[in-house]
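Asker:
In my numbering, the protein residues as written are 14 to 124.
1) Determine the DSSP secondary structure at residue 84, reduced to helix, strand or coil.
2) Pull up the DSSP beta-bridge partners for residue 55, would you.
3) Less than 9 Å between the beta carbons of residue 44 and residue 76, yes or no?
4) Could you spell out where the alpha helix (DSSP H) holding residue 42 opens and where it closes?
5) Am I right that residue 23 and residue 47 are in contact with their C-beta atoms under 8 Å? What's the rounded C-beta distance?
6) Output the boundary residues of the beta strand (DSSP E) element that contains residue 15.
7) Under 9 Å, do residue 51 and residue 89 count as touching if we go by C-beta distance?
8) Grouping DSSP H, G and I as helix and E and B as strand, with all else coil, what is residue 96?
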(Lines of atoms letter the chains of each structure in order from A and count residues from 1; the text may use other names and numbers.)
(Lines give C-alpha, C1' and ligand atoms only; values in the text may rest on other atoms or scores of the structure.)
Protein backbone atom coordinates (compact mmCIF):
# COMPACT_ATOMS: atom_id res chain seq x y z
CA UNK A 1 0.00 0.00 0.00
CA UNK A 2 1.19 3.48 -0.84
CA UNK A 3 0.52 6.01 1.95
CA UNK A 4 0.69 9.75 1.25
CA UNK A 5 0.18 12.09 4.21
CA UNK A 6 -1.40 15.48 3.52
CA UNK A 7 -2.26 18.32 5.92
CA UNK A 8 -5.69 17.08 7.00
CA UNK A 9 -6.05 13.72 5.24
CA UNK A 10 -4.19 10.60 4.15
CA UNK A 11 -4.21 9.06 0.67
CA UNK A 12 -4.11 5.26 0.52
CA UNK A 13 -3.40 3.58 -2.82
CA UNK A 14 -3.02 -0.04 -3.88
CA UNK A 15 0.45 -1.23 -4.93
CA UNK A 16 -0.87 -4.59 -6.12
CA UNK A 17 -3.57 -5.46 -8.62
CA UNK A 18 -6.41 -6.88 -6.61
CA UNK A 19 -9.35 -4.72 -5.64
CA UNK A 20 -10.92 -7.28 -3.29
CA UNK A 21 -7.64 -7.97 -1.48
CA UNK A 22 -6.99 -4.22 -1.17
CA UNK A 23 -10.44 -3.67 0.34
CA UNK A 24 -9.86 -6.54 2.77
CA UNK A 25 -6.46 -5.13 3.72
CA UNK A 26 -8.03 -1.71 4.38
CA UNK A 27 -10.67 -3.35 6.60
CA UNK A 28 -7.76 -4.74 8.62
CA UNK A 29 -5.29 -1.82 8.64
CA UNK A 30 -7.51 1.28 8.91
CA UNK A 31 -8.81 0.53 12.44
CA UNK A 32 -5.23 -0.14 13.58
CA UNK A 33 -3.34 2.71 11.91
CA UNK A 34 -5.59 5.25 10.18
CA UNK A 35 -8.89 5.45 12.07
CA UNK A 36 -8.14 8.98 13.30
CA UNK A 37 -7.50 10.31 9.78
CA UNK A 38 -9.68 11.59 6.99
CA UNK A 39 -9.01 9.12 4.18
CA UNK A 40 -8.82 9.26 0.41
CA UNK A 41 -8.76 5.87 -1.27
CA UNK A 42 -7.02 6.20 -4.64
CA UNK A 43 -8.56 3.69 -7.05
CA UNK A 44 -7.76 5.62 -10.23
CA UNK A 45 -5.77 2.71 -11.66
CA UNK A 46 -8.92 0.58 -11.64
CA UNK A 47 -10.45 2.15 -14.73
CA UNK A 48 -12.92 -0.71 -15.21
CA UNK A 49 -14.13 -0.80 -11.58
CA UNK A 50 -17.61 -2.26 -11.18
CA UNK A 51 -20.25 -1.32 -8.65
CA UNK A 52 -19.90 -4.74 -7.01
CA UNK A 53 -16.17 -4.12 -6.54
CA UNK A 54 -16.81 -0.64 -5.18
CA UNK A 55 -19.15 -2.09 -2.59
CA UNK A 56 -16.22 -3.99 -1.03
CA UNK A 57 -15.33 -0.62 0.53
CA UNK A 58 -18.78 0.08 2.01
CA UNK A 59 -18.15 -1.41 5.50
CA UNK A 60 -14.97 0.58 6.12
CA UNK A 61 -16.59 3.70 4.65
CA UNK A 62 -19.46 3.32 7.12
CA UNK A 63 -17.01 2.83 10.01
CA UNK A 64 -15.03 5.97 9.16
CA UNK A 65 -18.12 8.10 8.68
CA UNK A 66 -19.60 6.85 11.98
CA UNK A 67 -16.37 8.00 13.63
CA UNK A 68 -16.87 11.49 12.12
CA UNK A 69 -14.01 11.08 9.64
CA UNK A 70 -14.15 11.53 5.88
CA UNK A 71 -13.78 8.54 3.55
CA UNK A 72 -13.56 9.49 -0.12
CA UNK A 73 -12.93 7.08 -2.97
CA UNK A 74 -11.32 8.40 -6.16
CA UNK A 75 -12.34 6.53 -9.30
CA UNK A 76 -13.75 7.27 -12.73
CA UNK A 77 -15.03 3.76 -13.58
CA UNK A 78 -18.32 3.68 -11.69
CA UNK A 79 -21.01 6.12 -12.80
CA UNK A 80 -21.95 8.45 -9.95
CA UNK A 81 -25.67 7.67 -10.34
CA UNK A 82 -24.97 4.05 -9.37
CA UNK A 83 -23.03 4.83 -6.18
CA UNK A 84 -24.96 4.34 -2.91
CA UNK A 85 -25.62 7.50 -0.91
CA UNK A 86 -23.51 6.12 1.96
CA UNK A 87 -20.38 6.36 -0.17
CA UNK A 88 -18.50 9.36 -1.51
CA UNK A 89 -16.87 8.76 -4.90
CA UNK A 90 -15.22 11.50 -6.93
CA UNK A 91 -13.24 11.39 -10.20
CA UNK A 92 -10.08 13.29 -9.13
CA UNK A 93 -7.77 13.70 -6.15
CA UNK A 94 -8.41 17.45 -6.24
CA UNK A 95 -12.13 16.89 -5.80
CA UNK A 96 -11.41 14.48 -2.95
CA UNK A 97 -9.49 17.24 -1.15
CA UNK A 98 -12.40 19.65 -1.72
CA UNK A 99 -14.88 17.13 -0.28
CA UNK A 100 -12.73 16.63 2.81
CA UNK A 101 -12.38 20.38 3.32
CA UNK A 102 -16.15 20.81 3.01
CA UNK A 103 -16.91 17.91 5.39
CA UNK A 104 -14.42 19.30 7.92
CA UNK A 105 -16.18 22.68 7.81
CA UNK A 106 -19.57 20.99 8.24
CA UNK A 107 -18.33 19.03 11.26
CA UNK A 108 -16.84 22.21 12.77
CA UNK A 109 -20.23 23.89 12.41
CA UNK A 110 -22.01 20.95 14.00
CA UNK A 111 -23.74 19.48 10.94
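Don't be surprised by glycine CBs; every beta carbon is placed ideally from N, CA and C.
Answerer: Quick look at the numbers:
1) In the chain shown, the residue the question calls residue 84 occupies position 71. The answer is strand: DSSP assigns residue 84 an E or B state.
2) On the chain shown, position 42 is the one that residue 55 refers to. DSSP lists 26, 87 as partners of residue 55.
3) Along the chain shown, read from residue 1 onward, the residue named residue 44 stands at position 31. Along the chain shown, read from residue 1 onward, the residue named residue 76 stands at position 63. The answer is yes: Cβ separation under 9 Å.
4) Locating residue 42 in the chain shown gives position 29, where the first residue counts as 1. 32-42 is the span of the alpha helix (DSSP H), which, as asked, contains residue 42.
5) Along the chain shown, one-based indexing puts residue 23 at 10. Along the chain shown, one-based indexing puts residue 47 at 34. Confirmed, Cβ separation roughly 6 Å.
6) Taking the chain shown and counting its residues from 1, the one referred to as residue 15 is at position 2. 15-18 is the span of the beta strand (DSSP E), which, as asked, contains residue 15.
7) Residue numbering aside, residue 51 sits at position 38 when the chain shown is read from its first letter. Residue numbering aside, residue 89 sits at position 76 when the chain shown is read from its first letter. No.
8) Stepping through the chain shown from its first residue, residue 96 is reached at position 83. If DSSP states are grouped into helix, strand and coil, residue 96 belongs with coil.
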